[in-house]
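Numbering (this note's numbering), first residue to last: -19 to 254.
Pasting the structure below:
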């Protein structure tokens, strides 16, 4: 339908208001479209690696916390963004959603047809530890990183890799948040650190009893006392050495707990290196 220009004269306040509003909305939409995580690439020992990275505008000038969030075996970085939008829950933090490479799984996918993370020190020539080192080094070059507030979380195989990072790079982190994972051999390599562990009581893959053994071992390591309520029905075990353990135990299976990301962000925000 043709609208005559004389019907909306340019000097009318109503027209100017609508024009300004439309312009503001367009700018807002464009900003929102570019405000999410962006794909970045690294070459680590000749292998192309990638991650989706969100960085707030002030990350170049202000000391900024960092969260690394690792997907489970068979997952991908985009799926982690959808299931665990840490950049929305903590927009003042840098959030890195790395992408794994095809990896033989210990519980599933023995042929290694799906993406995942190394399961132990030395496995796959430590390719994923080297990937982590490369990512962190580049973030330190590009942004003003708050070295007292580095965090890592992951689900399933990503949770196991969270424990591996605790064992291999633990001094760099302020707190950890593995989900649906057990530490296994890595327990002997851990030093006391704050940790939130998410576990499903009916997990058919990473058995709940395996996770319970890990939790009990970490509570002993962190010199924790009796539990007390924390966020609804979850439990906080205070630590006499400043390394509390929070257990988010739910009646579900291996599937990632929908409310876990918000709980993890709250936990991370409570802890920093001295």
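Note that the Cβ used here is the ideal one computed from N, Cα and C, for glycine as well.
Nearest neighbour of residue 138, chosen from 49, 200, 177 and 91 [CA to CA]: Stepping through the chain shown from its first residue, residue 138 is reached at position 158. The closest CA to that of residue 138, considering only 49, 200, 177 and 91, is found on 49.
Own chain residues within Cβ distance below 8 Å of residue 112, not counting five before or after: Working through the chain shown from its first residue, we reach residue 112 at position 132. These residues qualify, in order along the chain: 48, 78, 145 and 149.
Contained beta strand (DSSP E) runs [length at least 3] in the region 188 to 225, N- to C-terminal order: Listed in chain order, they are 208 to 210 and 214 to 217.
Close Cβ partners of residue 82 (< 8 Å) along its chain, the five nearest in sequence each way excluded: Mapped onto the chain shown, residue 82 falls at position 102. Beyond the five residues adjoining it in sequence on each side, residue 82 comes within less than 8 Å, by CB distance, of 92, 93, 94, 95 and 96 in the same chain, given in chain order.
Residue span of the alpha helix (DSSP H) that contains residue 59, given as start and end: Residue 59 sits at position 79 when you count from the first residue of the chain shown. Counting along the chain, the alpha helix (DSSP H) containing residue 59 begins and ends at 57 to 63.
Reduced DSSP category for residue 150 - H, G, I as helix; E, B as strand; rest coil: By one-based count along the chain shown, residue 150 stands at place 170. Looking at residue 150 - three-state DSSP - the assignment turns out to be helix.
Member of 211, 236 and 115 whose CA lies at the smallest distance from the CA of residue 247: What you label residue 247 is simply residue 267 of the chain shown in a count that begins at 1. When each option's Cα is compared against that of residue 247, the closest is 211.
Rounded Cβ spacing between residue 216 and residue 228 (contact assumed at less than 8 Å): On the chain shown, position 236 is the one that residue 216 refers to. On the chain shown, position 248 is the one that residue 228 refers to. Separation of the CB atoms of residue 216 and residue 228 is rounded to 10 Å, and the pair is thereby denied contact status at 8 Å.
Segment limits, alpha helix (DSSP H) that includes residue 108: If you number the chain shown from 1, residue 108 lands on position 128. Residue 108 -> alpha helix (DSSP H) spans 107 to 122.
Alpha-carbon spacing of residue 71 relative to residue 125, whole angstroms: Mapped onto the chain shown, residue 71 falls at position 91. Mapped onto the chain shown, residue 125 falls at position 145. Taking the straight line joining both Cα atoms gives about 15 Å.
Boundaries (first-last residue) of the alpha helix (DSSP H) holding residue 245: By 1-based counting over the chain shown, the position of residue 245 is 265. Run containing residue 245: 240 to 249, per the alpha helix (DSSP H) assignment.
Where residue 23 falls: helix, strand or coil (DSSP): The residue you call residue 23 lines up with position 43 of the chain shown. The three-state reading of DSSP puts residue 23 in strand, counting E and B together.
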